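The block underneath contains the structure these notes are about, expressed in C-alpha cells.
Chains as they are written, first to last, in the numbering used here: chain F, 31 to 192; chain A, 1484 to 2120.
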C-alpha cells in the first residue's frame, strides 16, 4: 500500500459560499472551457439548509475506481501517490464513475473519457482560486486532529456554560 | 453542449400557443449593445407597442444572462429581466444574482424572451437543448420555496436552478418579485406581477454545457488578477463580513438612515438592524455567493424567536432592514427577519412592501386611514405584528387596505386623498428605496432621472462621498479633480451621474455585479472592455464600452418618452424636495425643486437631450446610431 492519504484537497464546507470559482478554474485548466459539468471538483448547493459542500476525489487508500477499471487506466504510481486516469487507456465505460462512493469521478461525454481530479501535479488550481478558505492543499491529512479539536471545543463549551 | 461565447442565442417562448424558437444574435449587435441590459432594451423597444398594458399579452419578459456570465470573470453571474413595468407603466429592468443565469447559459441560451399569455398556469423547463412548458396548476397559490422544492422533485434533480413567483405575483401585486435560486430576489417594479399576468409560475433550468472563449488563456489570467484585486478591496471585505446591512451603523451616524417613512434619518437602537448585530448575536449562520462571485455579500440567518417563531432565510439586505425595519419604526431584528421571510416566500419586493406599509402607518397616525379602513389593524409605527399581518393581506389582496396597498403608494395615496400624497415616497409610481437623497446631490439627480423610478439600483453614485482613495480616484477621473468628491456640491453632478450610469449599464450587460465596479472598484470600464474583447474575440476599447452603455441609457429613455414621459416626470418624491433633513448631522439639508431643475439642465445637456422636454435629440440618436431604432418619438433636431 502506497501512502495514498498523504496529499489531498481539504474541504472546509462552512467556508464555502458556492461561488463555483473552483469549478470554473478546474474546467478551464483541464478542458480549456468554462463548464462546471467538466470540473473535477463540484460544489453541492444544499439550498434548503443553506450549506454548500465541495466534493472532490479524496484519494482513497483502497480506491474502488482502481479496482473497477477493466483496462488498468485508473491507477496510482508509486512515484506520485495520486489516483489518476490515463486517458489513452480509458475506454469510457464509466465503471469508475459507478464505483466511486463520492461521485468524484465523472464522464466527459464529448471526448468519451472518464475525468477525475489529479491534483494538478501538486498545485491544484481550484485551491488557488478559492478565496474563501474553503479549499486548502495540505501535505498531511489533518482530518482526525481537526475533528478532535472541534469535539474538544464542544466539550469545553459545555463546561463553560455550566 | 460546448459553444463559442460570441455566438449568442435568444430563446423565444410564446405562452399563447406554446411555440418556442431560437434566434441567433448577430455579432455586430452584441458589439453595439454589449449584451444583456443593452440588447434587451432594444428588443423591448421593438417588441412592446406604445401604450401596451404591462399586464396584458403585448408585454414581453426578457430574461438576459450577462455576456460574460458562465466565465471566471469575478462576480459576473448576474442576470437581468427587462419588461414594461406595472408599477410605473414605463421601462423596467431588474437585476438579480443567484445561479439561474449561469444555468441558462450552460443550457445553450443567452436570453429568453417570453411572449403572450398562457391559457393555464405553466412553468418553463429548460433541460439543456430541450424546452418544455409544463402545467403549473398544482403549483399555483403556493409560496416560492415550496414551489422550488416541488419542481426539483418533479424533474428529479435537486441541483437544478429555478426562478419562481409567489402568490403576490399571481395576484399581480404591483411590487411582486421573482425569486431566483430560492434566495435571490429580482425585486423592483412589479416584475413578478408580469409573470403572474402571463400565468408563468416559474422558470427552471438544468444546463450542463460549457463556453469556449476566443482568447481563453489571456482571459483566464486577467479574470484571476481582477478577482484578486476585488477580494482585496476594502468595500468587498465589509460586504463579506457584514453584508450590505453592514452600512447601518455608518448611515445612522451620518444621518442617512431612512426611518419612519423618511420623516427621520436616524433611529434609536438602529444598530440592532445592522449586519454587525446579526453576526455578534449569532443570527448569521453562513455566507453565500452568487455565481462566480468573489465577495459573498449574501447570507443565511436563523432566528428562534418566542414571539415570531423560527425563521431560516437568506439576507436580510440593507434595504430590507431599512424598509421593513427603520422605515416602519421597527428595530426588533427578529420581527424584521420574519417579515423578510414572509416577503420572500410570498414573492414581494421588501423595499416597496416596507414603504407602502410605512406610508400607511404615517397616514393612519395622521388620521387619514381610519381603524375601519385598516381592517382592525393598529397601524402605528413600530407595530411589527400589524406589519406582518398586512404583508400577508397585501400579497393575497385581502381586505380593503390589503387590496389597495397592493397597487403601490401612488395609487393608494390617490385613493385615500388629502395630503397623503406628500408623504407617499414615490416618483413615477415606484417607491423610493431607503436612501436619503436630500444630502447627496448625485444621488438626487440619479434617482430623479432613473427610468424605472427613484432607487439606487440603476445608478448608484457612491463614489461622490469619497470614502476611499479608490472612490476619490473615480471622481478625479470623471471630473478632473478630487475635490468634487463631496455629495453636497451641485457642480459636476451630471458628469458623475453619467459615468456611473454607463458603468452600471456596462457592468450589467456583461453580468457583473455593480458592487464590483461602483462600490468596490476593481472591475472598471478598462478591464471590462478587455475581458469582453478577449472573450468575444473582437477589438474593444473602454470608449466603445461606455458608448454602448450610453446607447442602453438612451433607448431606455426613449422607451419612456414614447410612453409620454417628459422632463416633468423626472422628479423626486415630494418629501425629498420639500421637507429638509429633520435630524442628524445633515439637518436642514434639501435638494429642492430649483436645485433639481439645475441638476436636470446639467444632465440633459451632457446627454444631448432637449432641455424643455428631455427628449433625446435626433443629432444625439444619430451619433449613437440609434436613429433607426428609437422611432415613434417626437423629432427634435
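Where a beta carbon is used, it is the ideal one built from N, C-alpha and C, also for glycine. In this text the structure is predicted, and so the values were computed from the model without any measurement.
For residue i, count the other beta carbons within 10 Å of its own beta carbon; 16 or more makes it buried, fewer makes it exposed. Which is it?
{"i": "residue 1960 (chain A)", "result": "exposed"}
{"i": "residue 89 (chain F)", "result": "buried"}
{"i": "residue 1781 (chain A)", "result": "buried"}
{"i": "residue 33 (chain F)", "result": "Here residue 33 (chain F) scores only 44 on pLDDT, less than 50, and its place in the model should not be relied on; the value that follows carries that caveat. Answer is exposed; the Cβ neighbour count stays below 16."}
{"i": "residue 142 (chain F)", "result": "exposed"}
{"i": "residue 1488 (chain A)", "result": "buried"}
{"i": "residue 188 (chain F)", "result": "exposed"}
{"i": "residue 1433 (chain A)", "result": "Outside the displayed span of chain A (1484 to 2120) sits residue 1433 (chain A), for which this structure offers no information."}
{"i": "residue 1677 (chain A)", "result": "buried"}
{"i": "residue 1564 (chain A)", "result": "buried"}
{"i": "residue 2013 (chain A)", "result": "buried"}
{"i": "residue 179 (chain F)", "result": "exposed"}
{"i": "residue 31 (chain F)", "result": "Residue confidence is low: residue 31 (chain F) scores 35 on pLDDT, short of 50, so the model does not pin down where it sits. Its coordinate-derived value is still stated next. Classification for residue 31 (chain F): exposed."}
{"i": "residue 1588 (chain A)", "result": "buried"}
{"i": "residue 76 (chain F)", "result": "exposed"}
{"i": "residue 1842 (chain A)", "result": "buried"}
{"i": "residue 1838 (chain A)", "result": "buried"}
{"i": "residue 2094 (chain A)", "result": "exposed"}
{"i": "residue 184 (chain F)", "result": "exposed"}
{"i": "residue 159 (chain F)", "result": "buried"}
{"i": "residue 1909 (chain A)", "result": "buried"}
Compute the distance between the beta-carbons of residue i and residue j, then report whether it is under 8 angstroms.
{"i": "residue 1885 (chain A)", "j": "residue 1914 (chain A)", "result": "no"}
{"i": "residue 1680 (chain A)", "j": "residue 1655 (chain A)", "result": "yes"}
{"i": "residue 1790 (chain A)", "j": "residue 1822 (chain A)", "result": "no"}
{"i": "residue 1650 (chain A)", "j": "residue 1672 (chain A)", "result": "no"}
{"i": "residue 1446 (chain A)", "j": "residue 1804 (chain A)", "result": "Only positions 1484 to 2120 of chain A appear in this structure, which leaves residue 1446 (chain A) out of reach."}
{"i": "residue 1776 (chain A)", "j": "residue 49 (chain F)", "result": "yes"}
{"i": "residue 2017 (chain A)", "j": "residue 65 (chain F)", "result": "no"}
{"i": "residue 1659 (chain A)", "j": "residue 1606 (chain A)", "result": "no"}
{"i": "residue 1917 (chain A)", "j": "residue 47 (chain F)", "result": "no"}
{"i": "residue 1554 (chain A)", "j": "residue 1704 (chain A)", "result": "no"}
{"i": "residue 2085 (chain A)", "j": "residue 2033 (chain A)", "result": "no"}
{"i": "residue 83 (chain F)", "j": "residue 51 (chain F)", "result": "no"}
{"i": "residue 1593 (chain A)", "j": "residue 1508 (chain A)", "result": "yes"}
For residue i, which option in the options has the closest C-alpha, if you only look at C-alpha atoms?
{"i": "residue 1579 (chain A)", "options": "A:1876, A:1517, A:1524, A:1668", "result": "A:1668"}
{"i": "residue 1922 (chain A)", "options": "A:1525, A:2068, A:2022, A:1665", "result": "A:2068"}
{"i": "residue 1874 (chain A)", "options": "A:1919, A:1846, A:1852, A:1824", "result": "A:1824"}
{"i": "residue 1943 (chain A)", "options": "A:1951, A:1952, A:1933", "result": "A:1933"}
{"i": "residue 1819 (chain A)", "options": "A:1533, A:1872, A:2078", "result": "A:1872"}
{"i": "residue 1598 (chain A)", "options": "A:1905, A:2024, A:1493", "result": "A:1493"}
{"i": "residue 1738 (chain A)", "options": "A:1704, A:1867, A:2064", "result": "A:2064"}
{"i": "residue 1831 (chain A)", "options": "A:1843, A:1978, A:1647, A:2001", "result": "A:1647"}
{"i": "residue 1539 (chain A)", "options": "A:1506, A:1554, A:1498", "result": "A:1498"}
{"i": "residue 1991 (chain A)", "options": "A:1948, A:2036, A:1957", "result": "A:2036"}
{"i": "residue 1974 (chain A)", "options": "A:2092, A:1924, A:1949", "result": "A:1924"}
{"i": "residue 1638 (chain A)", "options": "A:1613, A:1976, A:1652", "result": "A:1613"}
{"i": "residue 1713 (chain A)", "options": "A:2075, A:2090, A:1988, A:1953", "result": "A:1953"}
{"i": "residue 1537 (chain A)", "options": "A:2015, A:1827, A:1567", "result": "A:1567"}
If residue i and residue j are in contact, beta carbons under 8 angstroms, what's the gap, nearest whole angstrom?
{"i": "residue 1783 (chain A)", "j": "residue 1802 (chain A)", "result": "Contact flag wrong, Cβ pair sits at about 18 angstroms."}
{"i": "residue 1774 (chain A)", "j": "residue 1582 (chain A)", "result": "5 angstroms"}
{"i": "residue 1946 (chain A)", "j": "residue 2082 (chain A)", "result": "Their Cβ separation, rounded to whole angstroms, is 17 angstroms, which puts residue 1946 (chain A) and residue 2082 (chain A) out of contact at 8 angstroms."}
{"i": "residue 1757 (chain A)", "j": "residue 1728 (chain A)", "result": "6 angstroms"}
{"i": "residue 56 (chain F)", "j": "residue 69 (chain F)", "result": "4 angstroms"}
{"i": "residue 1692 (chain A)", "j": "residue 1611 (chain A)", "result": "6 angstroms"}
{"i": "residue 1586 (chain A)", "j": "residue 1644 (chain A)", "result": "4 angstroms"}
{"i": "residue 1517 (chain A)", "j": "residue 1550 (chain A)", "result": "7 angstroms"}
{"i": "residue 1524 (chain A)", "j": "residue 1718 (chain A)", "result": "In fact, because the Cβ distance is near 28 angstroms, the residues do not count as touching under 8 angstroms."}
{"i": "residue 1851 (chain A)", "j": "residue 1899 (chain A)", "result": "5 angstroms"}
{"i": "residue 1664 (chain A)", "j": "residue 1834 (chain A)", "result": "Contact doesn't hold; Cβ gap of about 20 angstroms is too wide."}
{"i": "residue 1938 (chain A)", "j": "residue 1748 (chain A)", "result": "Incorrect: roughly 17 angstroms between the Cβ atoms, too far for contact."}
Next item on the list: May I ask you to list, following chain order, the residues of the segment 1772–1786 of chain A that have a beta carbon less than 7 angstroms from some beta carbon of chain F?
Entry: Residues of the segment 1772–1786 of chain A whose Cβ lies closer than 7 angstroms to any Cβ of chain F, in chain order: 1772, 1774, 1775, 1776, 1777, 1779, 1783.
Next item on the list: Using a Cβ-Cβ cut-off of less than 8 angstroms, list which residues of the segment 35–50 of chain F approach chain A; keep chain order.
Entry: Residues passing the 8 angstroms Cβ filter: 44, 47, 48, 49, 50.
Next item on the list: Return the residues of the segment 1576–1590 of chain A that lie within a Cβ-Cβ distance of less than 8 angstroms from chain F, sorted by chain order.
Entry: Taking 8 angstroms as the Cβ-Cβ cut-off against chain F, the residues of the segment 1576–1590 of chain A that qualify are 1582, 1585, 1589.
Notebook entry, point to check: Using a Cβ cut-off of 8 angstroms, which residues of the segment 1660–1690 of chain A contact any Cβ in chain F, in chain order?
Noted result: So the close ones are 1664, 1665, 1666.
Next item on the list: Taking only beta carbons into account, state which residues of the segment 1756–1773 of chain A come closer than 9 angstroms to chain F, listed in chain order.
Entry: Listed in sequence order: 1768, 1769, 1770, 1771, 1772, 1773.
Next item on the list: Would you list, in chain order, the members of the segment 136–147 of chain F that have their beta-carbon closer than 8 angstroms to a beta-carbon of chain A?
Entry: For the segment 136–147 of chain F, the set of positions with a beta-carbon nearer than 8 angstroms to some beta-carbon of chain A reads 140 in chain order.
Note to self: Taking beta-carbon pairs under 8 angstroms, can you tell me which members of the segment 63–77 of chain F lie near chain A?
What the structure shows: Correct list: 63, 64, 65, 66, 67, 68, 74, 75, 77.
Margin query: Under 9 angstroms, CB to CB, which of the residues in the segment 153–166 of chain F have a partner in chain A?
Written below: Closer than 9 angstroms at the C-beta level to chain A, one finds these residues of the segment 153–166 of chain F: 158, 159, 161, 162.
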